[in-house]
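A short write-up of the structure that comes next.
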Amino acid sequence: MKLFVTEGSPQCVKVLAALEHTGVKCDVQLLSQEESIVSFLSRPVLPAALLPSGHELFSANAICQYLFEVGGKEITDASRQLLEWEATELQVMIRITVFPYCDHFPLVLLQALHVAVLQGKRSEAGMLLKNPLSWLEQHLSGKNTSFLTAETVEVADIVLWAALYCILSDAAFEAGELRSVRSWFERVSQLPACAKAAQKILPGKESNALKNFLQKQPASHAQRKENLPSQTEDTEHVMTEEEIEEAAQAWSKGLPECHEPIERHHPVLPKEGKRNVLVTSALPYVNNVPHLGNIIGCVLSADVFSRYGRLRGWNLLYVCGTDEYGTATENKALEEGLTPRQICDKYYAVHNAIYKWFQIDFDFFGRTTTQQQTEISQNIFFRLYERGFLNEDIVEQLRCENCQRFLADRFVEGVCPNCKYPEARGDQCDKCGRLINAVELKDPLCKVCGQTPVIRTSKHLFLDLPKLEADLEKWLEKSVNTGDWTTNAKQITRSWIRDGLKPRCITRDLKWGTPVPLPEYSEKVFYVWFDAPIGYLSITANYTSEWEKWWKNPQQVELYNFMAKDNVPFHSVVFPCSLLGAQDNYTLVNHLIATEYLNYEDTKFSKSRGVGVFGDMAKDTGIPSDVWRFYLTYVRPEGQDSSFSWVDLALKNNSELLNNLGNFINRAGMFVSKFFNGCVPEIVLQDEDKRLIAQVSWELKQYIQLMDKVRKRAGTVTGVSVNVACLLSAVLEPYMPTVSQTIRAQLQAPDNCASAMLGAEGCFLRSLPTGHRIGMVQPLFQKLESEQIEILKKKFGGQQPEEETPTGKGPSNKTSTTESKPPTAADLKASVSAADPRESQTAGYS
Amino acid sequence: MKEERQKREHLAKQGQRALKEANEAFKALPMTPSDLHSTAHVPVLQNSNGSTLAGLATISSHLVNKAKKKELLGDSAEQRAVVQQWLEYRLTRLDYCSKDEVKFILKELNQFLVDKVYLAGNKLTLADMLMYHGIHHIIMELAVQQKEKYFNVTRWFDHIQHYPGLRHHLTPVIVLRNRVYPRGQH
């Protein structure tokens with residue numbers, strides 16, 4: 001054990017006296033007051049003890065207790081009570097000096113020493129200590145023992161004696177009649193241990209050591225705070241005078257004269273000399289209503305980015321649409337008694353309405369079941385075919401004659417060939433976990449009708465990925481190194497290539513799909529994963545006949561793909577292989593942005609169990625779409641899966657939006673309205689304002705923290721504030737477009753202010769000059785009450801208890817197949833098709 | 001006069017709060033002291049033999065002993081000292097600390113908990129229990145961003161609040177398992 005003490009500190013007298021008294025062996029080191037031993041404390045504290053186990057003690061009382069225990073004395077309740085009293089009543093004096101509106105408590109004993117020793121006002125010190133000393137007097141006079149708790153010296157005696165030593169050893173100190181206290185004090189003072197400790201820590205008669213110590217010790221928490229080193233972690237960007245001056249001048253110039261806000265003229269086409277950006281978000285699968293995870297995973301992320309890009313003055317096109325072909329749609333049609341086309345029309349409208357409500361600003365939101373899709377897919381197919389990148393192979397499949405169709409793997413059930421489990425699925429056995437080829441199942445049964453399927457051979461076409469691997473790797477290396485690929489996108493791609501590429505079947509025995517344009521394949525369509533990504537091209541072709549200017553123009557166009565992580569391989573490996581093999585100068589992805597999954601209150605979103613918020617329900621909650629956008633981007637699952645939480649949503653709305661953002665903008669506007677007749681007041685920038693402007697220019701976030709500190713000169717501050725509000729409206733536009741417009745409308749800010757400030761390198765400009773008349777200022781946000789949130793939480797929490805499903809490991813965007821009651825045929829179809837990985841992955845968001 | 005009244009009312013309120021908290025904390029032990037009351041804001045325990053004990057840390061330690069759960073005070077002299085030190089820290093630093101002080105307390109605890117699961121040793125002790133109760137109202141108010149900044153405190157807090165029987169009337173605080181903000185920023 002090691003003990004660190006410093007001269008002049010009564011706390012150190014405690015530990016040395018205890019050490020001497022107990023006779024414990026220990027290294028003692030005398031340090032100066034500023035030396036820091038306990039690393040996690042924000043200010044140096046002495047005494048400190050380093051225990052053999054590596055524990056650090058920084059409380060003198062705890063050190064004394066430890067020494068007494070090691071010395072063989074148990075700590076009694078009575079001792080403990082006096083130690084607690086000493087720490088809380090004598091030192092800090094919580095009990096006696098409670099002022100209702102005072103948020104800190106004086107360090108009473110220190111203060112008393114300050115006035116007595118440094119200022120020589122002993123009677124004032126006596127007043128300060130009157131209450132605790134008379135309590136001690138009472139306590140002692142009621143005892144008939146020689147010491148505080150017993151006939152022998154205990155830890156409490158040492159601690160209290162040392163604490164009061166400097167006060168009570170001063171003969172001139174007056175604090176009323178303290179007969180018992182004084183005689184107890186004398187008895188303890190005569191102990192050799194105490195005398196020795198006092199001598200060591202407080203040497204000399206003039207109490208110089210104590211004075212030195214006190215001069216460096218602030219006597220209240222408030223003063224302590226000032227003495228602390230300024231927090232380094234919150235440091236602001238250090239700016240030079242020139243930087244500040246430059247920023248202030250740029251700001252004062254105001255908006256450029258004729259900077260017209262950029263208007264969008266459709267069709268947007270790549271322009272020479274411009275940054276031409278093509279943005280896609282993964283095509284949502286049509287037969288399901290998207291949930292919040294789908295929305296943040298693709299369309300919203302891409303929308304925020306597109307809005308931002310447009311503000312920055314890029315020439316940007318954002319396309320998306322519904323992915324409509326495949327078994328899932330056929331099943332849904334069967335289930336609802338409609339044709340696949342009717343199903344697609346119905347759900348396309350649902351999707352469209354949801355994204356409109358979320359203010360997803362697509363340049364075009366199309367669909368994959370179009371003539372253009374057929375033409376472009378078949379063109380790419382033929383080019384691959386002609387160049388020898390497609391192989392034919394015979395595949396054995398189970399076919400249900402009763403249902404008149406080939407059965408997807410999960411539509412078959414039978415006896416596992418390995419473990420004889422009777423309910424093994426067509427792709428995997430749930431019991432032994434082994435992968436199964438559906439035709440190997442014993443006694444297979446069609447899951448829909450229960451009939452026995454037969455084995456039929458069927459000819460299929462395969463995309464020869466191994467043959468394209470060299471081209472792919474060459475392109476990948478360039479794209480990944482020059483573009484912006486998220487970490488998960490890079491990892492998933494790498495692991496796919498590392499595991500080796502195999503030929504992939506691109507045809508299926510289905511009706512609802514893009515027909516394969518070869519006579520012997522007339523009964524077959526393209527597998528969705530092959531033609532769904534082609535949807536990006538065909539949707540653009542539906543938008544403009546000049547689509548090739550975007551899609552066959554890698555020299556001029558930068559392509560951004562937004563998606564959730566399960567879609568990565570199809571965008572980074574499979575689809576690029578199709579396009580590379582077609583050898584038609586296609587635009588390939590430059591930046592691949594993949595999110596992780598968003599969970600719902602730590603469980604998965606599940607349509608079948610009614611867990612989670614789905615796109616069409618968000619509107620019914622009464623929470624504005626801007627707040628949804630804000631919160632979803634706030635919890636966007638970037639590094640790892642994240643969770644949607646109602647309580648957190650309310651907290652964010654009420655704190656970040658309402659309290660911080662809303663109040664700031666509202667106040668700035670209100671001040672202009674109320675005190676300056678609705679016109680922006682005269683602005684005379686002082687150093688502080690210039691610094692502020694520079695800071696805002698440098699980083700807006702830092703500004704918000706600074707804001708509270710600046711409220712002295714009403715006119716200028718108000719003027720700068722409404723201008724900051726204006727900048728905020730510009731920066732918020734991608735996230736909360738309605739709020740952004742509302743702010744600008746309330747301030748009657750010029751339309752071009754957003755693009756002017758965000759263009760080029762970005763610069764904070766004075767958008768509202770002196771004399772500018774603002775409009776009506778009204779609150780922007782509403783508080784979300786906890787009752788309201790509780791109701792919503794219940795409503796979307798599903799019928800089953802939450803703890804049933806622990807945090808989802810799997811994709812949040814798949815409908816769960818865990819059903820407690822026997823599933824009906826319709827349920828089964830829905831869950832089966834959604835769980836089929838090949839179906840859902842290309843489509844992405846089933 | 002008015003000030004005097006306010007002061008008294010305030011004291012009474014503090015007293016009730018402390019008493020309530022002490023009561024709650026003691027429910028974790030298999031006994032509920034019926035003879036607990038308070039003067040000012042400090043809880044006082046009246047024993048059957050007429051003797052009294054005052055102070056949250058003192059009474060809690062006493063009850064822990066009485067309930068034969070000595071291990072909650074620490075397994076060794078060292079750990080017992082560490083437990084008492086954190087009890088003192090709670091009473092003198094955490095309780096009634098000013099708004100500015102909160103930051104430093106969180107920072108200190110966060111730093112301390114970097115490589116620790118509990119405040120003292122490798123087991124739950126009275127220090128964790130009382131610190132949890134004392135810091136709850138502060139953690140409740142933290143934004144996601146701050147919870148991430150004081151990541152170790154949040155982790156410790158979440159761990160303690162999930163201890164069976166410890167949370168009592170206190171609202172559970174939602175802790176996201178994942179970081180929203182990139183490390184090293186903010």
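Going line by line, the protein sequences match chains U and X.
Quick note on UniProt numbering: the first sequence kicks off at 1 and runs consecutively.
Quick note on UniProt numbering: the second sequence kicks off at 1 and runs consecutively.
Glycine residues also receive a C-beta, built at the ideal position from the N, C-alpha and C atoms.
This structure is a prediction, so every number in the text was calculated from the model and none was measured.
- Secondary-structure assignment with DSSP links U:Glu392 through a beta bridge to U:Leu461.
- Within the DSSP bridge table, the entry for U:His291 names U:Phe614 as partners.
- For U:Pro515, the beta-bridge partners assigned by DSSP are U:Val525.
- The Cβ atoms of U:Val415 and U:Ala408 lie no closer than 8 Å to each other.
- DSSP, read as helix, strand or coil, puts U:Ser643 in strand.
- Residue range Ser786 to Lys795 is occupied by the alpha helix (DSSP H) that includes U:Ile789.
- Comparing C-alpha distances from U:Asp345 to each of U:Glu324, U:Asp363 and U:Ile360 shows the shortest one belongs to U:Glu324.
- Sequence-distant partners of U:Val613 (beyond 5 residues in either direction) whose C-beta falls short of 6 Å from its own C-beta, in its chain, are Leu292 and Phe796.
- Between the segment 60-77 of chain U and the segment 16-23 of chain U, the count of Cβ pairs shorter than 8 Å is three or higher; the stretches touch.
- The residue from U:Asp27, U:Phe40, U:Lys211 and U:Ala78 with its alpha-carbon nearest to that of U:Gln111 is U:Lys211.
- Spanning the alpha carbons of U:Ser673 and U:Glu785 requires a straight line of approximately 29 Å.
- Within 10 angstroms of the beta-carbon of U:Phe675 lie fewer than 16 other beta-carbons, which makes it exposed.
- If you check each beta-carbon in the segment 100-127 of chain X against every beta-carbon of chain U, the ones closer than 7 Å belong to Asp100, Glu101, Phe104, Lys107, Glu108, Gln111 and Phe112.
- Note that the C-beta distance between U:Met1 and U:Ala62 is not below 8 Å.
- In the assembly as shown, U:Leu118 is an exposed residue. Its beta-carbon has fewer than 16 other beta-carbons within 10 Å.
- For U:Leu747 against U:Asn666, the beta-carbon gap comes to about 11 Å, at or over 8 Å, which does not count as contact.
- Short of 7 Å from the beta carbon of U:Lys524, and not among the five residues preceding or following it, lie these beta carbons of its own chain, in chain order: Thr507, Arg508, Asp509 and Val516.
- For U:Ser134, the closest alpha carbon among the candidates U:Val181, U:Phe764, U:Thr149 and U:Asn402 is that of U:Val181.
- The DSSP assignment places 130-141, 155-168, 179-189 and 192-201 as complete runs of the alpha helix (DSSP H) inside the segment 125-208 of chain U, in order along the chain (cut-off: 4 residues).
- Taking a beta-carbon distance threshold of 8 Å, U:Phe605 does not count as an interface residue toward chain X.
- For X:Phe157, there is no enclosing beta strand (DSSP E); the residue is found in the alpha helix (DSSP H) stretching over Phe151 to Gln161.
- Of all residues in the segment 65-82 of chain X, only Ala77, Glu78, Arg80, Ala81 and Val82 come within less than 7 Å of chain U when Cβ atoms are compared, listed by chain position.
- Where U:His591 is concerned, the enclosing beta strand (DSSP E) starts and stops at His591 to Thr595.
- DSSP, reduced to helix, strand and coil, places U:Ala532 outside both helices and strands of the structure shown, so it counts as coil.
- Interface annotation for the segment 275-304 of chain U against chain X: empty, criterion Cβ-Cβ distance under 8 Å.
- Listed along chain U are Ser645, Val647 and Asp648, each with a C-beta nearer than 8 Å to that of X:Ile174.
- In the DSSP assignment, X:Asp128 falls within the alpha helix (DSSP H) that extends over Leu126 to Glu141.
- If you check each beta-carbon in the segment 136-153 of chain X against every beta-carbon of chain U, the ones closer than 7 Å belong to Ala143 and Val144.
- Residue environment for U:Ala745: exposed (fewer than 16 other C-beta atoms within 10 angstroms of its C-beta).
- If you check the CB distance, U:Val286 and U:Ala302 do not come in under 8 Å.
- The straight-line gap separating the alpha-carbon atoms of U:Phe305 and U:Gly775 is approximately 30 Å.
- For U:Pro750, the secondary structure class from DSSP, reduced to helix, strand or coil, is coil.
- The bridge partners DSSP lists for X:Ala54 are X:Val44.
- According to DSSP, residue pairing for U:Ser606 in a beta bridge involves U:Val611.
- The shortest C-alpha to C-alpha distance from U:Ala78 to any of X:Lys68, X:Glu101 and X:His62 is the one to X:His62.
- By the C-beta density criterion, U:Asp443 is exposed, having fewer than 16 other C-beta atoms within 10 angstroms.
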